[in-house]
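Residue numbers (UniProt numbering), protein chains in the order written: chain A, 1 to 444; chain B, 1 to 614. All residues carry an ideal CB built from backbone N, CA and C; glycine is no exception.
Quick look at the structure:
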């Protein structure tokens with residue numbers, strides 16, 4: 001007779017000392033783990049609920065400006081430094097970590113129309129309605145020297161300014177687009193196309209000689225700094241307010257439009273936008289990409305920020321507070337963790353880029369738990385209960401009602417179009433894609 | 001003071017010597033002189049220095065040796081530091097290893113093992129609307145198969161091996177007594193065979209906790225005892241002075257439920273009454289569903305009720321109308337309650353449906369006991385007509401039918417698929433009786449009186465039997481799962497671990513609405529709703545009806561009146577259209593059914609229980 005009976009030696013299963021960690025033998029036999037799918041679902045549901053519970057994106061506001069914030073610029077080297085220009089011509093430099101204003105300077109008379117930093121972060125440029133471009137130096141401690149390094153007087157009012165990503169050239173926009181060099185007082189090159197002024201100008205971060213601009217004749221214009229004439233232009237139904245290049249894909253950019261939408265274009269084909277991003281209920285004032293190029297944030301005249309995934313037409317997140325008024329400018333911080341918005345009521349606000357993210361260093365166990373929960377949420381994202389909880393957002397009454405109204409308007413327009421199509425000769429009322437409707441003309 | 005200054009002087013001297021040593025060492029290096037001078041100094045320092053200097057000296061000497069060796073190495077050896085040579089060396093080592101390893105690459109994993117860990121089938125096609133999604137699917141599939149292989153490979157890490165019992169030819173296995181086994185095995189295992197003589201308050205119902213560490217005994221005459229049966233430590237012992245029908249542990253060893261004469265009570269591990277559940281009256285059998293925190297109970301009036309013990313609320317109550325319900329068990333895989341009835345039928349219930357999900361005729365006489373194995377694949381039933389049948393719960397078809405020596409009053413499945421049957425005062429254990437027809441029981445044991453409760457202890461080779469004269473713990477080699485998963489059930493749990501596990505369990509409580517015959521349903525595609533939606537889209541709409549009401553005099557042709565008349569006619573047409581459609585559908589369905597019933601050649605006994613056929 002051969003016999004063996006299960007007999008476990010406790011020494012193999014218990015920890016040796018109290019300072020040791022517990023022994024946790026595992027057996028992955030599916031028979032020992034009943035209700036796997038069910039338990040995973042419950043975990044996913046809990047994770048989704050917790051995400052909503054911890055969604056507290058507002059981190060703090062920076063007050064100090066004496067007029068509405070009109071422009072903003074990130075420091076290219078230090079993620080905790082931010083420059084902002086207000087409607088009264090004042091420029092302030094902020095330390096985001098301390099939530100403090102480091103120093104301020106009265107830069108212009110009237111609006112500070114644009115502000116941009118030099119690639120090495122040692123100085124920055126501002127332009128104003130007083131037709132002046134000023135260059136300011138920053139001290140090593142991050143303070144502004146009260147006297148500008150250089151002052152350039154232009155012929156026309158400047159509406160925007162942006163610095164080249166590596167060379168010491170910068171571009172201003174206004175009645176025409178001018179390319180300047182830092183050590184010259186005259187523009188190196190000027191571009192004009194039509195008579196209307198260009199209100200926004202932005203260098204491409206990858207293809208560095210390419211510029212994109214928004215003009216007040218409702219067009220978006222592309223320039224090559226090396227050429228003598230602008231490259232291409234596309235005219236939309238309404239004016240675009242701002243433009244942001246995707247930092248990871250050189251040829252993609254997004255514009256914030258007055259028609260409540262944002263449009264993502266491929267530079268190579270302007271006839272039709274890649275996608276249209278809806279959800280705002282008023283004009284979109286500004287847009288900025290996350291450094292990963294996967295998402296962007298938009299500032300709305302409807303007193304809220306929205307975060308869109310690049311390939312989605314609806315926002316994944318809306319940020320608002322009772323006190324925040326029209327948001328005029330927004331930036332996504334270079335560490336991909338924060339969003340800073342500037343609004344009409346003279347405040348800058350700091351938000352988390354991911355509303356429920358835990359800030360600060362994470363312990364490895366926390367990290368794995370978060371990763372696991374992320375995966376679970378992804379796995380069960382399509383289950384109705386989970387989707388409902390994950391999608392729910394409380395929005396201000398104004399936005400809620402406006403959305404409803406917009407929906408009815410769109411519905412009625414659609415119906416009207418369908419009726420028109422039904423009652424006209426076949427082919428006379430063609431089907432046009434929604435995102436193409438806003439394009440008026442693509443000009444080479 | 002003098003003493004102190006002495007020490008100081010001594011230190012000073014030491015320091016100077018050391019310095020000299022260093023300087024001279026440097027000189028040595030410069031001069032490339034022989035080690036003669038060095039040695040002198042070494043001897044010199046050794047006189048003075050305690051441990052530290054000694055260490056220093058050794059270090060320096062080693063360094064000098066190395067230097068000398070580098071300068072003029074012994075014959076045949078050469079000092080080389082070129083990268084190319086190192087690479088060569090690494091290459092050589094690699095090749096050497098290659099030659100040595102007769103089984104290069106990962107160890108192969110047997111298909112059987114892979115099958116064990118595979119959940120569901122592989123995707124048939126990865127066609128999607130976009131190419132990217134298709135790639136994602138393929139990648140996901142690959143990752144899943146990798147996970148299967150890895151978990152199969154991790155079997156290597158399991159510590160224990162399952163028990164077994166083999167006899168040589170000529171030996172009769174049925175004559176093997178527990179005493180024989182206890183004699184042969186080691187002392188700790190032998191202690192697992194014991195008997196408790198409790199003549200006064202029996203017969204006893206038995207229940208082990210999920211980790212197999214604690215035992216609950218409920219005597220019919222009111223005696224309750226909970227024991228840490230391995231150490232034989234008594235946790236509590238009370239007498240409720242009332243008939244006890246059943247006793248079950250709740251999710252952990254801190255609480256248990258007892259079905260008493262009138263009501264059901266919950267006690268804690270000290271025997272203190274926590275709750276009296278008056279909504280559960282005259283309960284005969286209790287079952288606890290640990291992942292749902294549901295206490296299912298069946299009573300003598302044919303009422304099945306579910307109580308959520310985490311919130312203390314009744315989840316469902318079903319009046320079965322099937323008479324006294326004293327045969328009950330749970331399917332541990334999907335939390336479905338199975339009940340046996342005097343008519344020979346077995347019914348399966350979930351709290352969400354008021355009717356049985358399954359009703360199968362298992363025996364020609366009353367069902368006396370049911371048990372379902374932990375994978376939820378097999379069910380074993382026994383009846384008064386002395387038969388024991390094994391059913392496949394995936395197809396609801398019979399696998400084996402055995403004739404026993406008597407009517408099996410109690411049945412139990414072990415984790416490794418052994419079946420125990422209590423027949424009168426005899427306990428028989430069957431091995432390998434599901435897929436193959438067995439002829440002889442694996443083990444047998446005779447008790448002093450009739451069996452009243454049976455359960456295999458989880459993760460142990462032990463069968464607990466409650467009977468009229470007390471309790472017997474029998475050793476059944478090969479019954480329990482050898483390797484436990486500590487995150488699921490841990491026999492060596494500490495108090496802290498238990499508390500943490502409780503919180504985890506509560507957080508992961510599955511809602512009773514999710515109880516379904518197919519437990520993995522939630523992870524599958526909802527094809528049914530999809531098809532329904534498609535169908536809804538495809539339902540044809542009635543044609544537009546052009547109807548112009550006739551002109552009528554006396555103001556009946558005013559705008560509104562006319563519109564009303566028009567609407568009435570249109571509505572009528574519409575309803576007629578829908579009615580016609582429905583009728584047509586019904587006709588088609590009926591025809592389909594008819595043709596199906598004709599084409600099905602093989603008729604099953606269970607067909608009579610199909611609803612539509614009745």
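- Rounded to the nearest angstrom, the gap between the Cα atoms of residue 438/B and residue 112/B is 24 Å.
- Here the segment 358–366 of chain B does not lie against the segment 293–313 of chain B, with fewer than 3 beta-carbon pairs under 8 Å apart.
- Between residue 260/B and residue 244/B, the C-beta spacing is below 8 Å.
- Counting every other CB atom within 10 Å of its CB across the protein chains shown gives residue 217/B a total of 16 or more, marking it as buried.
- Residue 231/A has its alpha-carbon roughly 7 Å from the corresponding atom of residue 444/A.
- Among the residues facing chain A, residue 508/B is included, as its CB has a counterpart in that chain under 8 Å away.
- Annotated three-state conformation of residue 189/A is strand, per DSSP.
- Contact check for residue 109/A against residue 128/A passes: the beta carbons are separated by less than 8 Å.
- Note on geometry: alpha-carbon atoms of residue 223/B and residue 278/B lie some 21 Å from one another.
- Sequence-distant partners of residue 517/B (beyond 5 residues in either direction) whose C-beta falls short of 7 Å from its own C-beta, in its chain, are 334, 336, 357.
- Contact of residue 119/B with chain A is assigned, a C-beta pair being separated by under 8 Å.
- For residue 372/A, no chain B residue has a C-beta closer than 7 Å to its own C-beta; the minimum C-beta separation is roughly 13 Å.
- In the DSSP annotation of this structure, the continuous segment of the alpha helix (DSSP H) that includes residue 369/A starts and ends at 364–379.
- With its beta carbon at least 8 Å from every one in chain A, residue 144/B lies outside the interface.
- Under the rule that a run must span 3 or more residues, the beta strand (DSSP E) segments found entirely inside the segment 424–463 of chain B read 426–430, 443–446, 451–456.
- Of all C-beta pairs linking the segment 383–390 of chain A to the segment 43–54 of chain A, three or more are shorter than 8 Å, placing the two stretches in contact.
- Residue 423/A is outside the set of residues whose beta carbon lies under 8 Å from a beta carbon in chain B.
- Here DSSP, grouped into helix, strand and coil, assigns residue 285/B to strand.
- Flagged as an interface residue toward chain A: residue 520/B, by a C-beta distance shorter than 8 Å.
- Taking a C-beta distance under 8 Å as the contact criterion, residue 264/A and residue 275/A qualify as a contact pair.
- Cβ atoms of residue 488/B and residue 32/A come within 8 Å of each other, at about 6 Å.
- Neighbourhood of residue 455/B in chain A, by CB distance below 7 Å: empty, with the nearest CB roughly 16 Å away.
- Residue 399/A sits buried, since 16 or more C-beta atoms from the chains shown fall within 10 Å of its C-beta.
- Under the three-state reduction of DSSP, residue 220/B is assigned to coil, being neither helix nor strand.
- One Cα belongs to residue 51/A, the other to residue 352/A, and the distance between them is close to 14 Å.
- When DSSP states are grouped into helix, strand and coil, residue 422/A belongs to the helix group.
- With distances taken between CA atoms, residue 14/A lies nearest to 492/B out of 138/B, 492/B, 248/B.
- About 6 Å separates the beta carbons of residue 390/B and residue 378/B, which is inside the 8 Å limit, making them a contact pair.
- Annotation: the continuous beta strand (DSSP E) that includes residue 161/A extends over 160–163.
- At least one CB of chain B lies nearer than 8 Å to the CB of residue 43/A.
- Residue pairing by DSSP puts residue 352/A in a beta bridge opposite 338/A.
- At least one CB atom of chain B sits nearer than 8 Å to the CB of residue 33/A.
- In this structure, 396/A is the residue among 20/A, 288/A, 250/A, 396/A with its C-alpha nearest to the C-alpha of residue 302/A.
- Residue state for residue 440/A is assigned as strand, using DSSP reduced to three classes.
- The DSSP-derived three-state label of residue 125/A is strand.
- For residue 107/A, the closest C-alpha among the options 323/A, 134/A, 355/A is that of 134/A.
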